[in-house]
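Undergrad:
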Amino acid sequence: MNRRRNTSLSDLKPGQRATLFPSLGYFDERRGCWRSLVHGRVFTEGQTPLGTRILLRGLKKAMKATPEQVASETFQQRIDGFLSAPGRRRRIVLEIADKHYRLGRRTRRNGAFYGALSLPETQFPTSPHALGGRSLTKEMNLLQSTDELGTIGPTTGKLFVVSPQGLSVISDIDDTIKMTEATSRREMLANTFLRPFEVVEGMAPLYQHWQRLGCDFHYVSSSPWQLYAPLAELCEVSDFPAGSMHLRYFRVRDEMFKRFRPVRRNNKVGIIVGILKRLPQRKFVLVGDSG
42 MNRRRNTSLS DLKPGQRATL FPSLGYFDER RGCWRSLVHG RVFTEGQTPL GTRILLRGLK
102 KAMKATPEQV ASETFQQRID GFLSAPGRRR RIVLEIADKH YRLGRRTRRN GAFYGALSLP
162 ETQFPTSPHA LGGRSLTKEM NLLQSTDELG TIGPTTGKLF VVSPQGLSVI SDIDDTIKMT
222 EATSRREMLA NTFLRPFEVV EGMAPLYQHW QRLGCDFHYV SSSPWQLYAP LAELCEVSDF
282 PAGSMHLRYF RVRDEMFKRF RPVRRNNKVG IIVGILKRLP QRKFVLVGDS G
């Protein structure tokens, strides 16, 4: 007997997991409503494609990593996001502010999913100016059956709904809040995969001060989304203000150890322009290194 599909839930396969990345919400002047740009990834742990394994061997060689370094907890945690297989063609259903959203497109070949959603009017002020320059944080939930959840637990994420007016800080990550030494490939790889992350001195207190003054934060980097978990942990334990995060997708066929460079600027420029266009009335402070 065929089981009827429940299209009101996400259809992740057994063993698949998802991550909801910190996303941006804003008031769309043209549509006259609040909108959100949601973003996440579906993946299967423990299934490393052959091409990934081959390139990982090249990465270890490029870093001249010792067997002890490769076996270290630091390296294993940093490389974890690259080892999982993408969850392709999965239906995604989210809950935001008590409303359910089924994304129009399934996950891509790399497991990524995106959605531009209109937020419920009952949960947000009718007039965008009613926020008075303040911003809201809403929780996002991936809706899936309890059978699929197993022992993993629910998948949640944060949506940062930014007031149309106010002050935003768009901050780089590499060599701005975290030491990377992006101008040296070998040092960059070692700082990314082998060594404990080192925070740039004084940046967390400065950002905390700006947050107390009412600033909102958007973190933009050419680091890959596969490093999201350790980067998010760094921001949390170092007390950097929470905010939307905008990274890039890395594909194995781009040759990790040759083209994985945080200095790729085109990706960041496009993201920053997108933020500026969606928040035309806000003022911005852009913070980055001089490299």
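Residue numbering for the sequence shown follows the numbering used here, starting at 42 and increasing by one per position.
In this text, a Cβ means the ideal position worked out from N, Cα and C, and glycines have one as well.
No experiment lies behind these values; they were computed from the predicted model shown.
What does the Cβ neighbour count give for residue 141, buried or exposed, with the cut at 16 atoms within 10 Å?
TA: So residue 141 ends up on the exposed side.
Undergrad: Are residue 183 and residue 233 closer than 9 Å when you measure CB to CB?
TA: For residue 183 and residue 233, no; Cβs fall outside 9 Å.
Undergrad: Which stretch, first to last residue, makes up the beta strand (DSSP E) that contains residue 265?
TA: Residue 265 -> beta strand (DSSP E) spans 257-265.
Undergrad: Just confirm the distance between the C-beta atoms of residue 159 and residue 76, as a whole number of angstroms; I'd bet it's less than 8 Å.
TA: Contact flag correct, Cβ pair sits at about 6 Å.
Undergrad: Does the Cβ of residue 49 have 16 or more other Cβ atoms within 10 Å, making it buried, or fewer, making it exposed?
TA: Counting Cβ neighbours within 10 Å, residue 49 comes out exposed, since fewer than 16 surround it.
Undergrad: How many Å lie between residue 170 and residue 200 at the Cα?
TA: Approximately 19 Å, taken between the alpha carbons.
Undergrad: Restricting to Cα atoms, I'd like to know which of 246, 165, 51 is closest to residue 68.
TA: Nearest option by C-alpha distance: 165.
Undergrad: Here's the rule I'm using: 16 or more other beta-carbon atoms within 10 Å means buried, otherwise exposed. How should residue 185 be labelled?
TA: The residue in question, residue 185, is buried, as its Cβ has 16 or more Cβ neighbours within 10 Å.
Undergrad: In whole angstroms, give me the CA-to-CA distance for residue 55 and residue 177.
TA: Near 34 Å, if we compare the C-alpha coordinates of residue 177 and residue 55.
Undergrad: Got a sec? Which residues, its chain only, sit under 7 Å from residue 331 by beta carbon, not counting five neighbours each side?
TA: Result list for residue 331: empty, nothing under 7 Å.
Undergrad: Is the region 244-264 touching the region 279-288 in the sense that three or more CB pairs, one from each, lie closer than 8 Å?
TA: Yes, the region 279-288 touches the region 244-264.
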